[in-house]
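**Q** Residue numbers (UniProt numbering), protein chains in the order written: chain Z, 1 to 358; chain V, 1 to 358.
Protein chains: 2
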Amino acid sequence: MTNEDVPKDKRLKPGEAQKLTMAEVAKYVGVSAMTVSRAFRQDASVSEETRKRIMEAVDALGYVLDLSAGSLSSRRSGFIAALVPSINNSNFSDTARGITDALENTGLQLLLGYTDYSAEKEEELIEAMLRRRPEGIILTGGSHTARARRMLAKAGIPVVETWELPEDPINQVVGFSNSEAMSLLVRTLAGQGYRKFGYIGGTTARDTRGSQRRSGFQKTVEELGLGPGRMISFGVPPITMEQGGQAIVSLLERWPDTEVVLCVSDLSAFGAIMECTRRGMKVPRDIAVAGFGDYEISSICHPRITTINVDCYGIGRQAAGRLLHALQSGEATGDEITLTGYRVVLRESTDRNGTPTA
Amino acid sequence: MTNEDVPKDKRLKPGEAQKLTMAEVAKYVGVSAMTVSRAFRQDASVSEETRKRIMEAVDALGYVLDLSAGSLSSRRSGFIAALVPSINNSNFSDTARGITDALENTGLQLLLGYTDYSAEKEEELIEAMLRRRPEGIILTGGSHTARARRMLAKAGIPVVETWELPEDPINQVVGFSNSEAMSLLVRTLAGQGYRKFGYIGGTTARDTRGSQRRSGFQKTVEELGLGPGRMISFGVPPITMEQGGQAIVSLLERWPDTEVVLCVSDLSAFGAIMECTRRGMKVPRDIAVAGFGDYEISSICHPRITTINVDCYGIGRQAAGRLLHALQSGEATGDEITLTGYRVVLRESTDRNGTPTA
DNA sequence: TCATCAATTGTTATCGATACCATATTGTCG
DNA sequence: CGACAATATGGTATCGATAACAATTGATGA
Chain Z
1 MTNEDVPKDK RLKPGEAQKL TMAEVAKYVG VSAMTVSRAF RQDASVSEET RKRIMEAVDA
61 LGYVLDLSAG SLSSRRSGFI AALVPSINNS NFSDTARGIT DALENTGLQL LLGYTDYSAE
121 KEEELIEAML RRRPEGIILT GGSHTARARR MLAKAGIPVV ETWELPEDPI NQVVGFSNSE
181 AMSLLVRTLA GQGYRKFGYI GGTTARDTRG SQRRSGFQKT VEELGLGPGR MISFGVPPIT
241 MEQGGQAIVS LLERWPDTEV VLCVSDLSAF GAIMECTRRG MKVPRDIAVA GFGDYEISSI
301 CHPRITTINV DCYGIGRQAA GRLLHALQSG EATGDEITLT GYRVVLREST DRNGTPTA
Chain V
1 MTNEDVPKDK RLKPGEAQKL TMAEVAKYVG VSAMTVSRAF RQDASVSEET RKRIMEAVDA
61 LGYVLDLSAG SLSSRRSGFI AALVPSINNS NFSDTARGIT DALENTGLQL LLGYTDYSAE
121 KEEELIEAML RRRPEGIILT GGSHTARARR MLAKAGIPVV ETWELPEDPI NQVVGFSNSE
181 AMSLLVRTLA GQGYRKFGYI GGTTARDTRG SQRRSGFQKT VEELGLGPGR MISFGVPPIT
241 MEQGGQAIVS LLERWPDTEV VLCVSDLSAF GAIMECTRRG MKVPRDIAVA GFGDYEISSI
301 CHPRITTINV DCYGIGRQAA GRLLHALQSG EATGDEITLT GYRVVLREST DRNGTPTA
């Protein structure tokens with residue numbers, strides 16, 4: 001049957017005509033399909049000469065392996081699933097990049113999803129991912145719906161939670177304490193003489209890392225005897241640069257004598273600083289500002305922003321590494337916690353010796 | 001066979017024990033597997049009561065549909081593949097987000113890959129994607145290896161090229177002319193009285209959109225009789241904020257009387273402006289700077305950056321929309337070109353009336 | 001020289017869902 | 001009231017690769 005025999009609207013597009021299968025490649029070469037299958041794997045026993053002939057045929061015919069058939073048979077999907085809150089946030093896209101890089105040459109492919117900081121969306125996505133039977137799954141944070149937890153348990157695959165230290169880990173963890181990191185920043189700045197601390201973050205508890213940073217701030221300010229922190233909540237996470245600007249205005253209206261403002265992320269810190277600059281205030285002379293996450297912008301902008309550097313890329317790489325390890329060692333791995341580093345990066349925006357060159 | 005019967009190292013993890021299949025759910029409910037399969041699809045004919053019983057059983061047993069089996073049988077993978085140069089660039093992650101959103105509730109899932117601006121990497125990824133038999137594929141740009149083109153043709157699936165207007169489109173296109181967009185920016189600024197134009201971009205031709213912007217700049221500057229543009233190439237794409245800063249220093253060393261510098265993206269423009277500020281130059285009083293892409297940062301920073309706004313999100317949405325359309329209408333769609341909008345956004349960084357409030 | 005073994009290749013069953021067709025059941029209309 | 005349609009459900013083959021096992025070949029060594 002050629003294209004001429006079928007009605008026009010059912011005609012295949014050029015090239016679509018023959019859906020090649022392994023069996024056809026095999027026939028073309030004069031071997032069995034099994035041998036062709038073997039030729040595609042590096043560990044299989046096929047003579048070099050046969051493999052070469054097969055690969056030439058594959059090339060000539062334009063055959064492309066069909067992994068969905070293969071994975072059904074081998075019961076290995078070749079997928080790793082990863083869920084991040086947002087892909088438009090460079091911290092998380094760095095993590096995604098780390099995962100991708102770690103998966104290179106492992107024969108595993110990344111299935112990426114965005115939860116929009118919502119546990120319900122996460123639940124949906126987990127189900128959607130599990131329908132593809134991933135061999136492992138990487139999540140952001142430790143806050144999941146009950147059904148999500150049940151599905152994950154039932155799936156029987158290694159799970160890595162990242163970016164936090166969940167109280168009740170599912171399996172493996174690769175992350176750090178957001179609360180302690182923020183605490184360290186508070187202590188460092190207090191050590192420089194700052195006393196009147198403000199904080200800018202999002203409103204809801206959807207962003208668990210944000211909440212942890214906030215409580216780390218709150219707790220530490222009180223521990224240092226600096227009274228209750230001056231907290232402004234602004235916008236649904238992730239809070240934007242613009243919201244950072246609006247938030248610092250509210251904060252300074254309410255507590256005009258604030259000396260330093262810590263922000264849930266560098267993005268809001270940047271927005272805050274720009275807004276201050278626009279209103280004629282000098283950072284850090286009139287008000288000091290610090291962020292969290294060490295985004296590229298913070299080392300470039302003027303003034304440069306004091307922040308907490310987080311190893312976003314490393315979180316991804318290590319999370320994928322833990323999964324790979326678990327897959328190799330026969331899934332019998334214990335539930336480990338891998339701590340990733342963070343450090344305070346002091347820059348111009350909190351420099352006590354006044355303003356930078358302007 | 002219980003867990004006790006198997007050697008310890010082969011024991012399944014808790015919960016993994018029974019890999020549930022549809023047949024088991026069916027037996028549990030007392031219907032056929034086929035009926036269970038139907039219950040999972042909204043268009044299939046199953047009585048409401050049966051569907052309800054089945055879904056209760058699914059819930060009770062914790063069954064999760066296996067799409068890899070389903071797609072083999074139905075010959076529909078449920079995947080859409082998309083390749084972007086980088087996920088760490090917010091322009092492209094916006095496009096990815098647009099695709100994801102457009103795919104919501106279509107039963108299609110996004111398989112995302114990063115080409116790192118490399119046609120070779122793209123070729124590899126195209127093959128990796130095709131092995132999953134996606135129902136459509138979205139590419140960035142129109143520059144592909146010959147083998148990539150062959151594979152795509154053979155795959156017989158709709159292809160959408162985005163972010164450019166390729167000279168030789170494979171199938172559908174959703175994008176705009178980077179060259180004309182840059183040209184428009186040059187003309188607009190020339191209309192404001194600028195005469196001595198500089199340009200900052202990456203070195204190689206890997207980033208085809210970058211090259212197109214550059215040639216649009218070059219051509220237009222000459223057409224306007226403003227002599228050859230002052231071009232600086234700096235770094236392998238994507239060029240960073242920091243490289244933007246280094247580039248403008250080189251450019252001003254070489255051509256100190258330059259009046260306005262156009263940058264391949266807002267990121268390098270931002271870096272350039274910050275570096276100028278640090279060196280005591282005021283933007284735009286001493287030097288005007290414009291970017292491309294209208295990143296969030298450009299409307300927030302100080303001075304705000306003149307740029308070309310591109311509908312990144314819309315490119316993704318429309319590209320996915322074109323694919324969906326092609327899939328519905330039986331793949332017989334013609335090869336269309338969908339133009340997406342762009343516009344000049346004039347801001348402080350090129351304001352001829354001197355510096356903004358500082 | 002013959003048994004043994006490693007390397008290579010083939011055969012068959014199977015992974016788990018769905019397409020396709022058949023069948024049972026209920027309802028409808030002249 | 002009988003024939004036919006519409007709805008609901010079941011049975012079987014099948015998607016395309018791979019696991020598991022079998023078979024063939026040539027080489028090796030006692």
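Glycine residues also receive a C-beta, built at the ideal position from the N, C-alpha and C atoms. Source: prediction; values computed, not measured.
(1) Whose Cβ in chain Z lies nearer than 7 Å to the Cβ of residue 242 of chain V?
(2) Along the region 296-329 of chain V, where does the CB come closer than 7 Å to a CB of chain Z? Name the residues.
(3) For the structure I just gave you, are there three or more beta carbon pairs, one from the region 90-106 of chain Z and one from the region 319-339 of chain Z, closer than 8 Å?
(4) How is the beta strand (DSSP E) around residue 178 of chain Z delimited, first residue to last?
(5) 8 Å is my cut-off, CB to CB: does residue 66 of chain V come that close to chain Z?
(6) Do three or more CB pairs link the region 346-353 of chain Z to the region 123-132 of chain Z at distances below 8 Å?
(7) Just the Cα atoms here: how many angstroms apart are residue 244 of chain Z and residue 289 of chain Z?
(8) Counting only runs of 4+ residues fully inside the region 84-164 of chain Z, write out the alpha helix (DSSP H) ranges in chain order.
(9) Taking contact to mean 3 or more Cβ pairs, one atom from each stretch, closer than 8 Å, check whether the region 245-260 of chain Z and the region 260-273 of chain V are in contact.
(10) Can you list, in chain order, the residues of its chain whose CB lies under 6 Å from that of residue 5 of chain Z, leaving out five sequence neighbours each side?
(11) Scan the region 182-260 of chain V and note each continuous alpha helix (DSSP H) run of 4 residues or more that stays entirely inside, going in chain order.
(12) Check for me: the alpha helix (DSSP H) holding residue 35 of chain Z runs from which residue to which?
(13) Of the residues V:339, V:204, V:206 and V:65, which one's Cα is nearest the Cα of residue 133 of chain Z?
(14) Compute the distance between the beta-carbons of residue 177 of chain Z and residue 165 of chain Z, then report whether it is under 8 Å.
(15) Might you give, ordered along the chain, the residues of its own chain that have their beta carbon closer than 6 Å to the beta carbon of residue 365 of chain Z, omitting 5 neighbours on each side?
(16) How many Å lie between residue 180 of chain Z and residue 162 of chain Z at the Cα?
(17) For residue 225 of chain V versus residue 266 of chain V, is the C-beta distance shorter than 8 Å?
(18) What did DSSP end up calling residue 21 of chain Z once you bin it into helix, strand or coil?
(19) What residue from Z:141, Z:94 and Z:27 has the CA that sits closest to residue 209 of chain Z's CA?
(20) From residue 345 of chain V to residue 88 of chain Z, what does the alpha carbon distance come to, in whole angstroms?
(21) Can you name the start and end residues of the beta strand (DSSP E) that residue 175 of chain V belongs to?
(22) If you measure beta-carbon to beta-carbon, which residues of the region 262-274 of chain Z are closer than 9 Å to chain V?
(23) Give a yes or no on whether 8 Å exceeds the smallest Cβ distance from residue 72 of chain Z to chain V.
(24) What does the alpha-carbon distance come out to for the pair residue 200 of chain Z and residue 211 of chain Z?
(25) In the DSSP output, which residue or residues are listed as bridge partners for residue 288 of chain Z?
(26) Taking only runs of the beta strand (DSSP E) that begin and end inside the region 307-354 of chain Z, which ones reach a length of at least 3 residues, in chain order?
(27) Determine whether the Cβ of residue 88 of chain Z lies closer than 8 Å to any Cβ atom of chain V.
(28) Let me make sure I understand the geometry here. Which of V:222, V:228, V:230 and V:183 has the alpha-carbon closest to that of residue 216 of chain V?
(29) Taking only beta carbons into account, state which residues of the region 93-110 of chain Z come closer than 9 Å to chain V, listed in chain order.
(30) What are the boundary residues of the alpha helix (DSSP H) that includes residue 70 of chain V?
(31) Could you give the residue range of the alpha helix (DSSP H) that holds residue 54 of chain Z?
(32) Just grab the DSSP bridge partners of residue 79 of chain Z for me.
(33) Using 8 Å for Cβ pairs, my map puts residue 152 of chain V next to residue 125 of chain V. What's the rounded Cβ distance?
(34) Any C-beta of chain V sitting closer than 8 Å to the C-beta of residue 182 of chain Z?
(35) Please classify residue 137 of chain V as buried or exposed, where buried requires at least 16 other C-beta atoms within 10 Å of its C-beta.
(36) Identify whether residue 293 of chain V lies in helix, strand or coil by the three-state DSSP scheme.
**A** Result, derived from the coordinates:
(1) Looking up residue 242 of chain V in the second sequence gives position 242. Simply 300.
(2) 296, 297, 300, 301 and 302
(3) yes
(4) Here residue 178 of chain Z corresponds to residue number 178 of the first sequence, with the count starting at 1. Note, residue 178 of chain Z: premise wrong, no beta strand (DSSP E); alpha helix (DSSP H) at 178-191.
(5) One-based indexing of the second sequence puts residue 66 of chain V at position 66. Yes, because at least one Cβ of chain Z sits closer than 8 Å to the Cβ of residue 66 of chain V.
(6) no
(7) Locating residue 244 of chain Z in the first sequence gives position 244, where the first residue counts as 1. Locating residue 289 of chain Z in the first sequence gives position 289, where the first residue counts as 1. Approximately 11 Å between the Cα atoms of the pair.
(8) 90-103, 119-130 and 146-155
(9) no
(10) Position 5 of the first sequence holds residue 5 of chain Z. Residue placement at residue 5 of chain Z is flagged as unreliable, the pLDDT there being 33, under the threshold of 50; the coordinate-derived value follows with that caveat. Closer than 6 Å at Cβ, skipping near neighbours: no residue.
(11) 208-223 and 241-254
(12) For the purposes of this step, residue 35 of chain Z is taken as the residue at position 35 of the first sequence. Looking at the DSSP string, the run of the alpha helix (DSSP H) that includes residue 35 of chain Z is 33-39.
(13) Sequence index remark: in the first sequence, residue 133 of chain Z carries index 133 (1-based). Checked all of V:339, V:204, V:206 and V:65; the closest Cα to residue 133 of chain Z is V:65.
(14) Mapped onto the first sequence, residue 177 of chain Z falls at position 177. Mapped onto the first sequence, residue 165 of chain Z falls at position 165. It is a contact, given that the beta carbons lie within the stated cut-off.
(15) Residue 365 of chain Z lies beyond the range of chain Z shown here (1 to 358); nothing can be said about it.
(16) Indexing the first sequence from 1 puts residue 180 of chain Z at position 180. Indexing the first sequence from 1 puts residue 162 of chain Z at position 162. Approximately 16 Å, taken between the alpha carbons.
(17) Taking the second sequence and counting its residues from 1, the one referred to as residue 225 of chain V is at position 225. Taking the second sequence and counting its residues from 1, the one referred to as residue 266 of chain V is at position 266. Their beta carbons are not under 8 Å apart, which means residue 225 of chain V does not touch residue 266 of chain V by this criterion.
(18) Along the first sequence, one-based indexing puts residue 21 of chain Z at 21. Residue state, collapsed to three classes: coil.
(19) For this step, residue 209 of chain Z is matched to residue 209 along the first sequence. Residue 209 of chain Z has its Cα closest to that of Z:141, out of Z:141, Z:94 and Z:27.
(20) Residue mapping note: residue 345 of chain V aligns to position 345 of the second sequence, counting from 1. Residue mapping note: residue 88 of chain Z aligns to position 88 of the first sequence, counting from 1. Computed Cα separation, rounded: 22 Å.
(21) In the second sequence, residue 175 of chain V corresponds to position 175, counting from 1. Note, residue 175 of chain V: beta strand (DSSP E), 172-175.
(22) 267, 270, 271, 273 and 274
(23) Start at 1 with the first residue of the first sequence, and residue 72 of chain Z comes out as number 72. Answer yes: the Cβ-Cβ gap between residue 72 of chain Z and chain V drops below 8 Å somewhere.
(24) Residue mapping note: residue 200 of chain Z aligns to position 200 of the first sequence, counting from 1. Residue mapping note: residue 211 of chain Z aligns to position 211 of the first sequence, counting from 1. Approximately 11 Å, taken between the alpha carbons.
(25) The residue you call residue 288 of chain Z lines up with position 288 of the first sequence. Z:260.
(26) 307-310, 337-339 and 342-345
(27) As a working note, residue 88 of chain Z is residue 88 in the first sequence. So yes, residue 88 of chain Z belongs to the interface.
(28) As a position in the second sequence, residue 216 of chain V is number 216, starting the count at 1. The shortest Cα separation from residue 216 of chain V among V:222, V:228, V:230 and V:183 belongs to V:183.
(29) 93, 94, 96, 97, 100, 109 and 110
(30) One-based indexing of the second sequence puts residue 70 of chain V at position 70. Start and end: 67-74.
(31) Translated into positions along the first sequence, residue 54 of chain Z becomes position 54. Per DSSP, residue 54 of chain Z belongs to the alpha helix (DSSP H) from 48-61.
(32) Here residue 79 of chain Z refers to the residue found at position 79 of the first sequence. Looking at the DSSP assignment, residue 79 of chain Z forms a beta bridge with Z:109.
(33) Working through the second sequence from its first residue, we reach residue 152 of chain V at position 152. Working through the second sequence from its first residue, we reach residue 125 of chain V at position 125. The pair is not a contact, with the Cβ atoms about 12 Å apart (cut-off 8 Å).
(34) Locating residue 182 of chain Z in the first sequence gives position 182, where the first residue counts as 1. No, its Cβ sits nowhere closer than 8 Å to a Cβ of chain V.
(35) By one-based count along the second sequence, residue 137 of chain V stands at place 137. That one is buried.
(36) On the second sequence, residue 293 of chain V is found 293 positions in, with the first residue counted as 1. In the structure shown, residue 293 of chain V sits in a strand (DSSP, three-state: E or B).
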